[in-house]
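A.B. asks: The structure under discussion is supplied below as structure tokens; questions concerning it will follow.
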Amino acid sequence: MTALLSLQQLQHHYPGAAPTLDSVSFEVSSGEIVAVLGPSGCGKSTLLRILAGLEPYSGQIVRHGEVKTAYHPQTDELFSWRTVIENAALAADIAGHDRGQTRRRAADLLDEFGLAGFGDHYPDQLSGGMRQRAALLRTVLSDRQVFLLDEPFSSLDAELRADLNRWLGQTARRHGWTILLVTHDVNEARQLADRVITLSARPGRVLNDEPTGD
Amino acid sequence: MTTSANQSPNTTKSHWWWLPSAITVIILIAIWEAAVSIFGIRPSVLPAPSRVFTQGLAHFPDLATNALATLSVTLIGFGASLLVSWTIAITIDFHPRLRQAVMPLLVASQTIPLVVIAPLMILWFGFGLLPKVLLVILVTFFPTTLGLIEGFAATPSTKTDLLTSLDATAWQQFRLLRLPSAMPSFFTSLRISITYAVVGTIFAEYAGSSSGLGVYLALQRNSFRTDLVLAAVIMIALLSLALFGLAALAQRLIAPWTLKLDDRHRL
Chain A
2 MTALLSLQQL QHHYPGAAPT LDSVSFEVSS GEIVAVLGPS GCGKSTLLRI
52 LAGLEPYSGQ IVRHGEVKTA YHPQTDELFS WRTVIENAAL AADIAGHDRG
102 QTRRRAADLL DEFGLAGFGD HYPDQLSGGM RQRAALLRTV LSDRQVFLLD
152 EPFSSLDAEL RADLNRWLGQ TARRHGWTIL LVTHDVNEAR QLADRVITLS
202 ARPGRVLNDE PTGD
Chain B
19 MTTSANQSPN TTKSHWWWLP SAITVIILIA IWEAAVSIFG IRPSVLPAPS
69 RVFTQGLAHF PDLATNALAT LSVTLIGFGA SLLVSWTIAI TIDFHPRLRQ
119 AVMPLLVASQ TIPLVVIAPL MILWFGFGLL PKVLLVILVT FFPTTLGLIE
169 GFAATPSTKT DLLTSLDATA WQQFRLLRLP SAMPSFFTSL RISITYAVVG
219 TIFAEYAGSS SGLGVYLALQ RNSFRTDLVL AAVIMIALLS LALFGLAALA
269 QRLIAPWTLK LDDRHRL
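Listed in order, the protein sequences are those of chains A and B. Read in our numbering, the first sequence has 154 at position 153, and its numbers run on one by one without any break. Read in our numbering, the second sequence has 143 at position 125, and its numbers run on one by one without any break.
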């Protein structure tokens, strides 16, 4: 497996506050699902924001071969004025890619994302689970190599969350997606990831980095 | 896994929404008609609604001509006002520091009494279209400007972050996110300001003009034709209602997502 991202001695603190992250180092390889596990406030969301280019940091992030990340925030952040397909094509619209082609690709994936027949629906016509899948479709169609998922299903009830995690694991492995995911739920991390990185309480430090072994 | 969309079952209310207001109006008119005949009030003080109606009908061509003049000034003035408020709001959105510099001026402009500024406008710019358009701008630009500025500023930072992570330019942030985010607030302010627009036009015409309902009002009041004054008032109310409806229609066409799911396809 080739490394896509190498984090070296990453540090972060918000202005005038105690440090959030302390010397965080690890690698993410191609096709790997890595879960970052830690208590609330340990800086795991900040870690994703740093990798998404939203926070300043010290230390080093090596992006092997111009690797780009796709940020998937905690809430779905769907645009209510765009249909499911238009939301999914957001990144392509920003990058200036061919509109028709991206929309066709989105339409082709609707079935696999459990959104068949809902491509032209607006977000407020969807259930919570469908909104999360639509948001995920947007992340996938951003054509970036590493997906940064910030507790993607945390707003859903436990049963639906387990369903979606199972589905996400299967779909990700089928497509060979590389995912760095943040969660505070041990079971979720074990269920979904190939590797679990455990962070300490604030300031977040890597306590443990080991494969899940199944 | 659930795949059902949220559809509200309540769609029966749509056909009779106008009934309560119609009944209220009919009851008020009946009380007015009865009061005038019971107390024998002179028509120059308070004409019966039936008289207002028949006289209004008899003078309809005159009323309509003046209403048309008022309507065209209102639309031109309001169009210019929208241009002004969009320009100010977009400029402030791209240069937030200007907000503190410009806002006190905008607020101050709203404290000038119309009775003072209207005659001055006529004095400075004559009886043409310009002073009337300026007055309509002055009366209406503030709510829409404020609605737009606050609408742009109300864009959720989480959505801005999402676009930033996708390397969106400032212009893309505006076009794809801030502009649509401002629509609910903009259309609320639009409905407020478009009703002010008619009042602003009438005031400008009242202060000095050659045509329009404002002139007509002044003329009829001076000849004690209270019935025709009231007929003109009804005309003004109808104009305002029509423009309000136009604003609602624009919202439905331009930004249907700002409406509740139920209301989206209702007319």
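Think of the CB as a built atom: it goes at the ideal place given N, C-alpha and C, for glycine as much as any other residue.
1) Output the distance between the C-alpha atoms of G118(A) and G129(A), rounded to the nearest integer angstrom.
2) Could you give the DSSP three-state label for P61(B): helix, strand or coil?
3) Going along chain A, which residues have a C-beta under 9 Å from A200(B)?
4) Rounded to whole angstroms, what's the CA-CA distance from L116(A) to I86(A)? Just pull it up for me.
5) Around the Cβ of H13(A), are there at least 16 other Cβ atoms within 10 angstroms (buried) or fewer (exposed)?
6) How would you write the range of the beta strand (DSSP E) that V197(A) sits in, first residue to last?
7) Buried or exposed for K278(B), going by 16 or more other Cβ atoms inside 10 Å?
8) Which bits of chain A does K177(B) rub up against, with CB to CB less than 8 Å?
9) Indicate whether at least one CB of chain B lies closer than 7 Å to the CB of I86(A).
10) Less than 7 Å between the C-beta atoms of T213(A) and V197(A), yes or no?
11) For chain B, is any of its Cβ atoms less than 7 Å away from the one on A53(A)?
12) Confirm, please, whether the CB-CB distance from L138(A) to F114(A) is below 7 Å.
13) CA-CA distance, Q9(A) and V207(A)?
14) Could you check where the alpha helix (DSSP H) with A136(A) kicks off and where it finishes?
15) To the nearest angstrom, how far is the alpha carbon of I62(A) from that of P274(B)?
16) I need the DSSP call for L285(B), collapsed to helix, strand or coil.
17) In terms of residue numbering, what span does the beta strand (DSSP E) encompassing R64(A) cover?
18) Given a cut-off of 7 Å, decide if A136(B) and L208(B) are closer than it, judged by their beta-carbon atoms.
19) Mind checking which residues open and close the beta strand (DSSP E) that includes D23(A)?
20) If I follow the unbroken beta strand (DSSP E) through D151(A), where does it start and stop?
21) Straight-line CA distance for W35(B) to I41(B)?
22) In terms of alpha-carbon separation, which member of S59(A), L22(A), R132(A) and D144(A) lies closest to S156(A)?
23) Interface residues of chain B around Y143(A) at Cβ under 8 Å?
24) So Q118(B) contacts chain A; which residues on that side make the cut at Cβ distance below 7 Å?
25) Tell me which residues share the same chain as A200(B) and place their Cβ nearer than 6 Å to its Cβ, disregarding the 5 neighbours each side in the sequence.
26) Note down, in chain order, every chain B residue with its Cβ under 7 Å from the Cβ of A216(A).
27) In angstroms with no decimal places, state the Cα-to-Cα distance between N88(A) and A107(A).
28) Kindly list, in the order they appear in chain B, the residues whose Cβ is closer than 7 Å to that of D121(A).
29) Rank L165(A), E160(A), L142(A) and T199(A) by C-alpha distance to the C-alpha of T1(A) and give the top, closest one.
30) Is it buried or exposed for N240(B), if we count other Cβ within 10 angstroms and need 16 for buried?
31) Mind checking if Y58(A) is an interface residue toward chain B, Cβ cutoff 7 Å exclusive?
32) To the nearest angstrom, report how far apart R83(A) and Q269(B) are at their CA atoms.
33) Let me check understanding here. Comparing Cα to Cα, which of S201(A), G54(A), G101(A) and L165(A) lies closest to L193(A)?
34) Can you name, in chain order, every residue of its own chain whose Cβ lies under 7 Å from the Cβ of M253(B), other than the five neighbours on each side?
35) Mind pulling the chain A residues with CB within less than 7 Å of Q190(B)?
36) Is there a C-beta anywhere in chain C that falls below 7 Å from the one on P40(A)?
C.D. replies: The short version:
1) As a working mapping, residue 118(A) is identified with position 117 in the first sequence. As a working mapping, residue 129(A) is identified with position 128 in the first sequence. Taking the straight line from one Cα to the other gives about 16 Å.
2) The residue you call residue 61(B) lines up with position 43 of the second sequence. Note: P61(B) maps to coil in three-state DSSP.
3) As a first step, residue 200(B) must be located in the second sequence, where it is residue number 182. Per Cβ cutoff of 9 Å: no residues; A200(B) is ~11 Å from chain A at best.
4) Sequence index remark: in the first sequence, residue 116(A) carries index 115 (1-based). Sequence index remark: in the first sequence, residue 86(A) carries index 85 (1-based). If I take the Cα positions, the gap works out to 10 Å.
5) The count along the first sequence starts at 1 and reaches residue 13(A) at position 12. Burial call: buried.
6) Here the question's residue 197(A) lines up with position 196 in the first sequence. Its beta strand (DSSP E) spans residues R196 to L200.
7) In the second sequence, the residue the question calls residue 278(B) occupies position 260. Looking at its Cβ environment, which holds fewer than 16 other Cβ atoms inside 10 Å, K278(B) is exposed.
8) Here residue 177(B) refers to the residue found at position 159 when the second sequence is read from its first residue. Simply E78 and F80.
9) Locating residue 86(A) in the first sequence gives position 85, counting from the first residue. For I86(A), the answer is no, since every Cβ of chain B falls outside 7 Å of its Cβ.
10) Numbered from 1 along the first sequence, position 212 holds the residue referred to as residue 213(A). Numbered from 1 along the first sequence, position 196 holds the residue referred to as residue 197(A). Against a cut-off of 7 Å, the Cβ pair of V197(A) and T213(A) comes out as a contact.
11) The residue given as residue 53(A) occupies position 52 in the first sequence. It does; some Cβ of chain B falls within 7 Å.
12) Indexing the first sequence from 1 puts residue 114(A) at position 113. Indexing the first sequence from 1 puts residue 138(A) at position 137. For F114(A) and L138(A), yes; Cβs fall inside 7 Å.
13) Within the first sequence, residue 9(A) is the residue found at index 8, counting from 1. Within the first sequence, residue 207(A) is the residue found at index 206, counting from 1. Each residue's alpha carbon lies about 12 Å from the other.
14) Translated into the one-based positions of the first sequence, residue 136(A) becomes position 135. Segment G129 to V141, the alpha helix (DSSP H) holding A136(A).
15) Residue mapping note: residue 62(A) aligns to position 61 of the first sequence, counting from 1. Residue mapping note: residue 274(B) aligns to position 256 of the second sequence, counting from 1. About 44 Å.
16) Mapped onto the second sequence, residue 285(B) falls at position 267. Reliability fails at L285(B), whose pLDDT of 46 lies under 50, so the model's placement of it is uncertain and the value that follows must be treated cautiously. Looking at L285(B) - three-state DSSP - the assignment turns out to be coil, as it is neither helix nor strand.
17) Against the first sequence, residue 64(A) aligns to sequence position 63. Unbroken beta strand (DSSP E) run through R64(A): S59 to R64.
18) Within the second sequence, residue 208(B) is the residue found at index 190, counting from 1. Within the second sequence, residue 136(B) is the residue found at index 118, counting from 1. It is not a contact, given that the beta carbons lie outside the stated cut-off.
19) Reading the first sequence from its first residue, position 22 is the one you call residue 23(A). Residues P20 to S30.
20) Within the first sequence, residue 151(A) is the residue found at index 150, counting from 1. D151(A) -> beta strand (DSSP E) spans V147 to D151.
21) Position 17 of the second sequence, counted from the start, is the residue given in the question as residue 35(B). Position 23 of the second sequence, counted from the start, is the residue given in the question as residue 41(B). Taking the straight line joining both Cα atoms gives about 11 Å.
22) Locating residue 156(A) in the first sequence gives position 155, counting from the first residue. It is R132(A) whose Cα lies nearest to the Cα of S156(A).
23) As a working note, residue 143(A) is residue 142 in the first sequence. The residue asked about is misnamed: residue 143(A) is Ser in this sequence, not Tyr. Per Cβ cutoff of 8 Å: L184.
24) Here residue 118(B) refers to the residue found at position 100 when the second sequence is read from its first residue. Neighbours of Q118(B) on chain A: none; closest Cβ ~23 Å, over 7 Å.
25) Mapped onto the second sequence, residue 200(B) falls at position 182. Closer than 6 Å at Cβ, skipping near neighbours: L166, G169 and F170.
26) Since the first residue shown for chain A is 2 and the last is 215, residue 216(A) is missing from the structure and cannot be characterised.
27) Looking up residue 88(A) in the first sequence gives position 87. Looking up residue 107(A) in the first sequence gives position 106. Their Cα atoms are separated by approximately 10 Å.
28) Indexing the first sequence from 1 puts residue 121(A) at position 120. Per Cβ cutoff of 7 Å: no residues; D121(A) is ~12 Å from chain B at best.
29) This structure cannot speak to residue 1(A), because chain A is shown only from 2 to 215.
30) The residue given as residue 240(B) occupies position 222 in the second sequence. Exposed: under 16 other Cβ atoms inside 10 Å.
31) Your numbering for residue 58(A) matches position 57 in the first sequence. No, its Cβ sits nowhere closer than 7 Å to a Cβ of chain B.
32) The residue you call residue 83(A) lines up with position 82 of the first sequence. The residue you call residue 269(B) lines up with position 251 of the second sequence. Going by the C-alpha atoms only, they are around 16 Å apart.
33) On the first sequence, residue 193(A) is found 192 positions in, with the first residue counted as 1. Out of S201(A), G54(A), G101(A) and L165(A), L165(A) has the C-alpha closest to the C-alpha of L193(A).
34) Taking the second sequence and counting its residues from 1, the one referred to as residue 253(B) is at position 235. Excluding residues within five positions, the ones whose Cβ falls inside 7 Å are L81, A85 and L231.
35) Against the second sequence, residue 190(B) aligns to sequence position 172. By Cβ distance, chain A contributes I95.
36) The structure shown contains no chain C; the protein chains it does contain are A and B.
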